[in-house]
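Single-structure report; data block below.
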Amino acid sequence: MKKMRARPYVLTWIALLILLSLSAGSSLLPLGTFNLVSNFAIAALKAGLVVVIFMRIRRSSPVVHIFAAAGLVWLALLIGLSLSDFLARGY
Numbered sequence: 133m134k135k136m137r138a139r140p141y142v143l144t145w146i147a148l149l150i151l152l153s154l155s156a157g158s159s160l161l162p163l164g165t166f167n168l169v170s171n172f173a174i175a176a177l178k179a180g181l182v183v184v185i186f187m188r189i190r191r192s193s194p195v196v197h198i199f200a201a202a203g204l205v206w207l208a209l210l211i212g213l214s215l216s217d218f219l220a221r222g223y
């Protein structure tokens, strides 16, 4: 079995903690709409770190890449359809 190094995981954990503190800290600032945008960007960075480092998506087979891309397309479709329904209502 391959020996796993702890350094990438520790650095990723530290990066996730820094991003967590940025996310929590930005909620205390009066940023208006930029607060939502910044928190979504931070969440995307955290998800990207988890996918790349912990799930090892870069070193996996092409089938895994296809299913990961299909999951992202499905998520975008669900968000897009939900947003179109929300915008079509006359609130």
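Numbering-wise (the numbering used here), the sequence shown opens with residue 133 and increments by one.
Using N, Cα and C, we set each Cβ at its ideal position, and we do this for glycine too.
In the DSSP assignment, find the alpha helix (DSSP H) that holds residue i and state where it starts and stops.
i      : result
Ser192 : Taken as a continuous stretch (DSSP letters only), Ser192 belongs to no alpha helix (DSSP H), as it is neither H nor E.
Lys134 : Here Lys134 belongs to no alpha helix (DSSP H), and DSSP marks it neither H nor E.
Please state whether DSSP places residue i in a helix, a strand or coil.
i      : result
Ser159 : coil
Gly180 : helix
Gly222 : coil
Gly164 : coil
Which same chain residues end up closer than 8 Å to residue i when comparing Cβ atoms and leaving out the 5 residues on each side of it in sequence?
i      : result
Arg190 : Val184
Leu161 : Asn167
Val196 : Ile189
Spatial neighbours of residue i within its chain, please: CB distance less than 7 Å, with the 5 preceding and 5 following residues excluded, ordered by chain position.
i      : result
Leu177 : Leu151
Output the distance between the C-alpha atoms of residue i and residue j, rounded to the nearest integer angstrom.
i      : j      : result
Gly164 : Asn171 : 12 Å
Arg188 : Leu154 : 25 Å
Ser193 : Ala201 : 13 Å
Ser209 : Asp217 : Residue identity differs from the one stated: residue 209 is Leu in this sequence, not Ser. Those two C-alpha atoms are separated by around 12 Å.
Leu149 : Ile174 : 11 Å
Arg139 : Ile146 : 11 Å
Lys134 : Ser159 : 42 Å
Once you ignore the five residues that flank residue i on each side, which residues in its own chain have a CB closer than 6 Å to its CB?
i      : result
Thr144 : Leu181, Ile185
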